[in-house]
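*Asks:* Quick one: this structure, given as structure tokens, is what I'll be asking you about.
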Amino acid sequence: MPDPAAVLTAGPVPAYRDPRFSVVIAAYTLDRWDDLQRAVASLRAQEPAPHEIIVAVDGNPELLERVRATLPDVIAVENDRHAGAGGARNAGSAVATGEVLAFIDDDVHVAPGWLAALHELFADPTVLGAGGPIRPDWATARPAWFPPEFDWVVGCTFRGSPQEAATVRNLIAANMTMRRDRFEQLGGFRTGFGKVGTRSAPEETDLCIRAGQRWPDAQWRFEPTAAVWHAVPAGRTEPRYFLRRCWLEGTGKAALAAHVGSDAGTSTERDYVARTLPSGVLGGVGEALRTRTVAPLGRSAMIVLGLAFTVAGYVIGTAQERWAAR
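Here it is, written out as structure tokens:
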């Protein structure tokens, strides 16, 4: 895959009437084997069917062999690019033959009609890619203190996101499609940037922003009927995980801003902080007064704490990025 800075200017964009979809699933652990099998089964049930299903395995030879032995109709590839989900997706995309790439995670299963909802969007030549809502599939019930405004903490669509069809700045790689030719011309996911181990940076946001900067007349589309379900294990419903994830979101957005500029890297977030979060806090207080219950106040408090941890992570991350650039 070429370096993003070295690619040539793209040619005209075709209008696909009946595009073939190559679905790439990034996987790395045997702990999600049941989830991965469910993901593949949900893809097999789609109408129209995907052109091919590719499982790209990051750093786990045992998982790679199990996929090859157990799922013979699936193309299994080893991540021979940079470590992490972005590298795995790049490796999977390199063997894809469909006109459109579709990315989901190994702990995601797609709803009936997912592919059909995305299919027709690519008849519009201005559409670079599209995605839809990512709904939480809680292993336990949603905690009473967990604010819907922070569902991004568990990799899901959050309150304040579009509810109807819309053009958006970026998609989330757990439910994301993109024209393969444009993906290749852009250089794929940025090398050395993204989710590796305990480090987290928004690689899909970086990809979408770079694409938007390069093709300013193109668009990323949100399609509300193209839904997927994202597994949320019990360990991700603890306040400690919530706050740690907020901190990492802040440091990740600082790293993003260092690459694409602070205006592009935080444009959507500024509106979210100015509108969505105050509405959530006040809504929780109002609900507590109406119902005379404490749980809504807990959600309001977590919005404030989550924002504080995210901003702190962004400030520290920005300082680290500036120091590293010296």
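Taking this note's numbering, I'd label the letters of the sequence shown as residues -17 to 308. All C-beta atoms, glycine included, are put in the ideal place defined by N, C-alpha and C. Just so we're clear, the structure is a prediction, and the values are computed from it rather than from any experiment.
Strictly under 9 Å for the Cβ-Cβ distance: is Val263 near chain C by that measure?
*Replies:* Absent from the structure is chain C; it holds one protein chain and no more.
*Asks:* Express the C-alpha separation of Gly262 and Glu44 in angstroms, rounding to a whole number.
*Replies:* 45 Å
*Asks:* What are the start and end residues of each continuous alpha helix (DSSP H) run of 4 or more residues lying completely inside the stretch 27 to 88, in chain order?
*Replies:* 43 to 52 and 67 to 76
*Asks:* Smallest Cα separation from Val82: which of Arg252, Arg161 and Glu205?
*Replies:* Arg161
*Asks:* Take the Cβ of Trp305 as the centre, count every other Cβ of all protein chains shown within 10 Å, and call the residue buried at 16 or more, exposed below.
*Replies:* Result: exposed.
*Asks:* If I'm right that Gln32 touches Gly114 with Cβ under 8 Å, what's the distance once you round it to whole angstroms?
*Replies:* Note on residue identity: the sequence assigns Pro, not Gln, to residue 32. Not quite, the Cβ-Cβ distance comes to about 15 Å (not below 8 Å), so this is no contact.
*Asks:* When you compare the CB positions of Thr79 and Arg196, do they come within less than 9 Å of one another, or not?
*Replies:* no
*Asks:* Cβ atoms of Arg71 and Ala209: under 9 Å apart, would you say?
*Replies:* no
*Asks:* Figure out for me which residue from Arg257, Cys138, Thr108 and Asn61 has the closest Cα to the Cα of Thr173.
*Replies:* Checked all of Arg257, Cys138, Thr108 and Asn61; the closest Cα to Thr173 is Asn61.
*Asks:* Keeping to the same chain, check which residues put their C-beta closer than 6 Å to that of Ala240; ignore five residues upstream and five downstream.
*Replies:* Glu303
*Asks:* Which residue from Gly288, Leu103 and Thr11 puts its Cα closest to that of Arg48?
*Replies:* Thr11
*Asks:* Given a threshold of 16 other Cβ atoms within 10 Å of its Cβ, counted over all protein chains shown, does Asp40 qualify as buried or as exposed?
*Replies:* buried
*Asks:* Round the Cβ separation of Ala38 and Val59 to the nearest angstrom and send it over; I've been treating them as touching at under 8 Å.
*Replies:* 5 Å
*Asks:* Nearest CA to the CA of Thr248: which residue from Leu259, Pro260 and Lys235?
*Replies:* Ranked by Cα distance from Thr248, the first of Leu259, Pro260 and Lys235 is Lys235.
*Asks:* Would you please state the rounded distance, in angstroms, between the beta carbons of Glu269 and Pro278? I believe it to be under 8 Å.
*Replies:* Contact between Glu269 and Pro278 holds: CB atoms are separated by about 4 Å, below the 8 Å threshold.
*Asks:* Classify Ala213 as helix, strand or coil using the three-state DSSP reduction.
*Replies:* strand
*Asks:* Using a Cβ distance threshold of 8 Å, determine whether the stretch 210 to 219 contacts the stretch 120 to 131, with at least three qualifying pairs required.
*Replies:* yes
*Asks:* Is the separation between the beta-carbon of Ile86 and that of Val5 shorter than 9 Å?
*Replies:* yes
*Asks:* Excluding the 5 residues flanking Ala(-12) on each side, which residues of the same chain have their C-beta closer than 6 Å to its C-beta?
*Replies:* With a pLDDT of 32 at Ala(-12), under the threshold of 50, the modelled position of that residue is not reliable, and no figure is offered here.
*Asks:* Measuring straight from C-alpha to C-alpha, what distance separates Gly295 and Pro94?
*Replies:* 38 Å
*Asks:* With a threshold of 8 Å on Cβ separation, who are the neighbours of Arg(-1) within its own chain once the five nearest residues in sequence on each side are excluded?
*Replies:* Ala105
*Asks:* Distance, Cα to Cα, Pro215 vs Ala98?
*Replies:* 29 Å
*Asks:* Going by DSSP, what residues sit across from Thr149 in a beta bridge?
*Replies:* Arg203
*Asks:* Inspect the beta-carbon positions of Trp211 and Arg117 and report whether they are closer than 9 Å.
*Replies:* yes
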